[in-house]
Structures are given as structure tokens and as C-alpha cells.
Amino acid sequence: MDDRDFRDYEGREPACVKHHVLRQYLLEVALKVGMSSPGVTFNYVDGFSGPWMSTGEVHADTSPHVALTQLRKARDELATRGRPGVMRGFFVEKNKSRFDRLQELLRGFKDIETEAYEGTFEDAIPRAARFVRQAKNPFSFVFIDPTGWQGYDLERIAPLLSATRGEVLINFMTDWVKRFIDSEGSRYGLERLAVESDAWKGLSGLQREDKIVETSACFSPGSGVTATPQAR
Ligand SMILES: C[S@@+](CC[C@H](N)C(=O)[O-])C[C@H]1O[C@@H](n2cnc3c(N)ncnc32)[C@H](O)[C@@H]1O
5 MDDRDFRDYE GREPACVKHH VLRQYLLEVA LKVGMSSPGV TFNYVDGFSG PWMSTGEVHA
65 DTSPHVALTQ LRKARDELAT RGRPGVMRGF FVEKNKSRFD RLQELLRGFK DIETEAYEGT
125 FEDAIPRAAR FVRQAKNPFS FVFIDPTGWQ GYDLERIAPL LSATRGEVLI NFMTDWVKRF
185 IDSEGSRYGL ERLAVESDAW KGLSGLQRED KIVETSACFS PGSGVTATPQ AR
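In short: position in the sequence shown from 1, add 4, done, that's our numbering.
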């Protein structure tokens with residue numbers, strides 16, 4: 005990223021960090037999978053696409069643009085290493101005007117097969133699962149980046165997560181989790197994040213925060229689920 009790119013994120017630095025993680029990690033996973041699994045079809049699924057709060061006309065500071073740019077890089081790099089693979093993307097956005105902008109953004113990536121779904125991530129699961137399964141030798145990378153902590157009930161999204169081998173990256177707000185983790189009304193969503201332990205009970209301050217983050221970030225060991233707590 006150059007200085008200009010950083011300026012696009014002024015006032016929303018957490019999004020800058022989030023996109024940095026996505027940019028680095030997605031490329032690395034796509035290259036690793038492509039090298040170890042010849043002829044792979046690498047599916048990227050963005051459950052909460054936006055574009056959201058983007059600054060430029062091409063929406064370069066949004067997850068769909070970041071991801072598709074990295075998929076393009078991975079595809080070209082794998083081809084030069086003699087391991088060609090196919091990259092595809094499935095994008096979900098429930099807000100109508102953002103969905104229209106998402107479709108415009110996708111038109112800038114005609115060299116990558118994409119599908120867009122207008123509606124909620126949970127409702128999109130059957131379509132998304134079909135999309136990733138259709139492919140030859142499929143691998144799926146699912147990015148879950150909700151505005152709060154709801155909209156990805158693990159039972160409802162399980163058919164997608166189990167459709168192919170793959171990885172899941174969940175971004176959630178540490179601040180909200182800290183605030184609502186003990187409130188009855190909100191507990192349901194957090195339990196769905198598999199934050200079931202009471203390990204933080206009786207702790208305060210930084211110790212409590214560390215324990216909550218540790219518990220949330222370590223759930224489902226070995227499942228390929230990576231949770232990225234983000235202080236916003
Ligand atoms: C935090 S923004 C994500 C932005 C995008 N992932 C990025 O990094 O640039 C969340 C987006 O999800 C959309 N959204 C909210 N609830 C949703 C749901 N249940 N299903 C799908 N999209 C949803 C919002 O309209 C918003 O555009």
C-alpha cells in the first residue's frame with residue numbers, strides 16, 4: 005500500500021487493518037492451496053460484502069475489491085509456477101443500493117467468475133453452497149464480516165462450511181463483544197460464535213478483555229475457523 009491508499013482509510017483505521025489482514029492472508033492461502041492441490045478451484049465467499057464506506061469510485065478500499073485483486077495475483081502467480089488454478093467469487097449484500105454498487109464493482113473483474121446475491125448471508129447459504137460445490141477440486145475461503153455479531157448462525161451456515169474443504173475468517177468487534185457478552189438479550193448471537201465459556205467471569209479490566217478475546221479466537225480448534233477480533 006502507498007500513502008495514498010492509507011489516506012483512503014482516514015477515520016476508519018480498523019478497516020485498514022482488516023483489509024491488510026485479508027490482503028496478506030488470502031493471497032498466502034490461495035498460493036499454498038494452489039501449489040499443493042494442482043488444478044484447484046479456489047472459491048472466495050464474502051458474506052457481508054458492501055461496498056461499505058468506500059471512498060473512491062472503484063471501491064478499492066472494500067473487501068470485494070481487495071479479495072478479487074488478490075485472487076487475480078494468485079491465479080497469475082500459480083500459472084507462472086506451472087500450477088494453474090481457477091479463482092471464483094460469491095458475494096452477498098442485503099442492502100439494495102450497496103448491492104447495485106457491488107455489481108458495478110464486479111464488472112471490473114470480468115476475468116474472474118463471480119456471482120452476487122442480494123439478501124442476507126444466511127438466506128444465501130444454499131446458493132453459495134451450490135456455487136462452491138459446482139467447481140472441480142474445490143476449496144472455499146469464507147469471509148464473514150458483519151456490522152455487529154449477528155447474521156451468521158453457525159447452524160444455518162454449516163451447509164456452506166461443510167460443502168468443500170476450506171477456511172473461514174470471521175471479523176468481529178472486540179468492543180461490542182466486551183460490552184454485550186454478559187447481557188441476556190445479546191448472548192444468543194455470541195453463543196453462536198461459540199463463546200460458551202464463562203472463563204472471563206470474575207476478571208476485570210485487561211485481564212477480562214484478554215480472556216474474552218482468547219476464548220473467542222480459539223473456538224473450534226482444528227476446524228479451519230479463524231476468528232480475528234478487532235478493536236474498533
Ligand atoms: C462491516 S460492512 C462489511 C464491509 C466489507 N466486508 C468490507 O470489508 O469492505 C457489513 C456489510 O454487510 C451488510 N449486511 C448487514 N447485515 C447483513 C446480512 N445479514 N447479510 C448480508 N449482508 C449484510 C451491510 O449492508 C454492510 O454493507
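Think of the CB as a built atom: it goes at the ideal place given N, C-alpha and C, for glycine as much as any other residue.
Only a predicted model underlies this, so the values are computations on that prediction, with no experimental measurement involved.
message: Please classify residue 162 as buried or exposed, where buried requires at least 16 other C-beta atoms within 10 Å of its C-beta.
response: Indexing the sequence shown from 1 puts residue 162 at position 158. It is exposed - the Cβ of residue 162 has fewer than 16 other Cβ atoms within 10 Å.
- prompt: Which of the three DSSP states, helix, strand or coil, is assigned to residue 67?
  reply: Along the sequence shown, read from residue 1 onward, the residue named residue 67 stands at position 63. Reduced to three states, the DSSP call for residue 67 is helix.
- prompt: Any chance the stretch 23 to 38 sits against the stretch 140 to 160, with 3 or more Cβ pairs inside 8 Å?
  reply: Touching, yes.
query: In chain order, what residues of the same chain have a beta carbon less than 6 Å from the beta carbon of residue 94, not counting five sequence neighbours either side?
result: To locate residue 94, count along the sequence shown from 1; it is residue 90. Hits under 6 Å: 49, 119, 132, 135.
message: Quick check: what's the CA-CA separation for residue 100 versus residue 108?
response: Your numbering for residue 100 matches position 96 in the sequence shown. Your numbering for residue 108 matches position 104 in the sequence shown. Spanning the two alpha carbons is a distance of roughly 13 Å.
query: Cβ of residue 108 within 7 Å of any heavy atom in ligand 1?
result: By one-based count along the sequence shown, residue 108 stands at place 104. Every heavy atom of ligand 1 is 7 Å or more from the Cβ of residue 108, so no.
- request: Assign residue 151 to one of three DSSP states: helix, strand, or coil.
  value: As a position in the sequence shown, residue 151 is number 147, starting the count at 1. Per DSSP, reduced to three states, the secondary structure at residue 151 is coil, with no helix or strand assignment.
message: Tell me whether residue 19, by its Cβ, gets closer than 7 Å to a heavy atom of ligand 1.
response: Indexing the sequence shown from 1 puts residue 19 at position 15. Judged by the Cβ position, residue 19 qualifies as a neighbour of ligand 1 at the 7 Å threshold, a heavy atom of the ligand being closer than this.
query: Along the chain, where does the alpha helix (DSSP H) that runs through residue 57 open and close?
result: By one-based count along the sequence shown, residue 57 stands at place 53. Taken as a continuous stretch (DSSP letters only), residue 57 belongs to no alpha helix (DSSP H), as it is neither H nor E.
query: Less than 7 Å between the CB of residue 130 and some heavy atom of ligand 1, yes or no?
result: Within the sequence shown, numbered from 1, the residue matching residue 130 stands at position 126. Because no heavy atom of ligand 1 lies under 7 Å away, the Cβ of residue 130 does not count as near it: no.
query: Would you call the CB atoms of residue 148 and residue 51 closer than 8 Å?
result: Your numbering for residue 148 matches position 144 in the sequence shown. Your numbering for residue 51 matches position 47 in the sequence shown. For residue 148 and residue 51, yes; Cβs fall inside 8 Å.
field: DSSP state of residue 95 mapped onto helix, strand, coil
entry: Working through the sequence shown from its first residue, we reach residue 95 at position 91. The three-state secondary structure of residue 95, taken from DSSP, is strand.
query: If we count the other Cβ atoms within 10 Å of its Cβ and call it buried at 16 or more, is residue 192 buried or exposed?
result: The residue labelled residue 192 in the question sits at position 188 within the sequence shown. Its pLDDT being 45, under 50, residue 192 is placed unreliably in this model, and the coordinates cannot settle the point.
query: Once you ignore the five residues that flank residue 182 on each side, which residues in its own chain have a CB closer than 7 Å to its CB?
result: For the purposes of this step, residue 182 is taken as the residue at position 178 of the sequence shown. Excluding sequence neighbours, residue 182 sits near 213, 216.
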